[in-house]
C-alpha cells in the first residue's frame with residue numbers, strides 16, 4: 002500500500018516513469034546539512050531523503066531544468082523520487098535555508114553544465130533570497146572538477 006501511494010505521489014509530480022528505478026541514492030538529513038550534498042545519477046534513478054523529522058525538500062524554481070514540476074514535500078516526511086529528466090536540480094530545506102541547508106542533483110550528462118551553473122549564479126543576482134545557493138553552487142563546481150565531470 003505504501004509503495005503504491007509513493008508511486009502515485011511521484012507520478013503526480015511528473016517526476017517518474019512507470020518503470021522501476023535503476024539505482025537508488027540515499028540522502029540523509031544530518032543536523033542542518035544533507036549528506037551527501039551532491040548526487041550524480043542517471044535518468045531513471047531514485048533519490049530517497051531520510052532522517053527528515055524537522056526537514057523538507059523544495060526545489061528552487063529557477064534552478065531546475067525547464068519544464069520540471071516543482072517539488073515541495075511535507076515537513077518531517079521521508080520522501081523518494083525517480084528523476085527522468087537530465088539536468089541540474091538545486092533543492093533546499095526551506096526551514097533551514099538561512100543555514101544554507103540545500104543540495105544539488107546532477108541527472109545524466111546535460112549539455113553545458115558550466116553554463117547551467119553560471120545561469121543559476123545570474124539568478125542569484127536577480128533574486129537575493131537565493132543567496133544561500135551561491136556557496137552551494139561554488140562547492141558543486143569544485144566537486145564536479147574534482148570528479149572530472151567538467
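Residue numbers (the working numbering): 2 to 151. Yeah, the Cβ is synthetic: ideal placement off N, Cα and C, and Gly gets one too.
How would you write the range of the alpha helix (DSSP H) that residue i sits in, first residue to last?
i, result
"residue 118", "114 to 127"
"residue 136", "133 to 147"
Is it buried or exposed for residue i, if we count other Cβ within 10 angstroms and need 16 for buried?
i, result
"residue 1", "One cannot answer for residue 1 here, as it falls past the ends of the chain, which runs 2 to 151."
"residue 120", "exposed"
"residue 112", "exposed"
"residue 76", "exposed"
"residue 55", "exposed"
"residue 132", "exposed"
"residue 36", "exposed"
"residue 128", "exposed"
"residue 68", "exposed"
"residue 71", "exposed"
"residue 17", "Low per-residue confidence applies at residue 17: pLDDT is 43, beneath 50, and the placement is therefore not dependable enough to give any value."
Can you list, in chain order, the residues of its chain whose CB lies under 6 angstroms from that of residue i, leaving out five sequence neighbours each side?
i, result
"residue 63", "124"
"residue 5", "Residue placement at residue 5 is poorly supported in this model, since its pLDDT is 35, which falls under 50; the coordinates are not used for a value here."
"residue 115", "151"
"residue 145", "151"
"residue 23", "45 and 46"
Let me check understanding here. Comparing Cα to Cα, which of the options lies closest to residue i?
i, options, result
"residue 49", "110, 81, 93 and 147", "81"
"residue 73", "86, 128, 57 and 132", "57"
"residue 109", "103, 122, 90 and 126", "90"
"residue 130", "146, 95 and 26", "95"
"residue 84", "93, 122 and 107", "107"
"residue 93", "87, 122, 126 and 134", "134"
"residue 86", "148, 43 and 60", "43"
"residue 60", "102, 33, 148 and 25", "102"
Kindly indicate the opening and closing residues of the beta strand (DSSP E) around residue i.
i, result
"residue 76", "Run containing residue 76: none; DSSP gives neither H nor E here."
"residue 97", "Unbroken run through residue 97: none, as it is neither H nor E."
"residue 42", "39 to 42"
"residue 65", "No beta strand (DSSP E) contains residue 65, which DSSP labels as neither H nor E."
"residue 28", "25 to 31"
"residue 36", "34 to 36"
"residue 104", "103 to 108"
"residue 46", "46 to 51"
"residue 130", "Run containing residue 130: none; DSSP gives neither H nor E here."
Between which residues of its own chain and residue i is the CB-CB distance below 7 angstroms, once the five residues before and five after are set aside?
i, result
"residue 142", "118"
Can you give me the Cβ contacts of residue i inside the same chain, cut-off strictly under 8 angstroms, excluding the 5 residues immediately before and after it?
i, result
"residue 79", "49, 50, 51, 52 and 53"
"residue 28", "35, 36, 37, 40, 48, 49, 50, 51 and 104"
*Kindly confirm or deny that the stretch 58 to 72 and the stretch 131 to 142 touch, where touching means at least three C-beta pairs closer than 8 angstroms.*
yes
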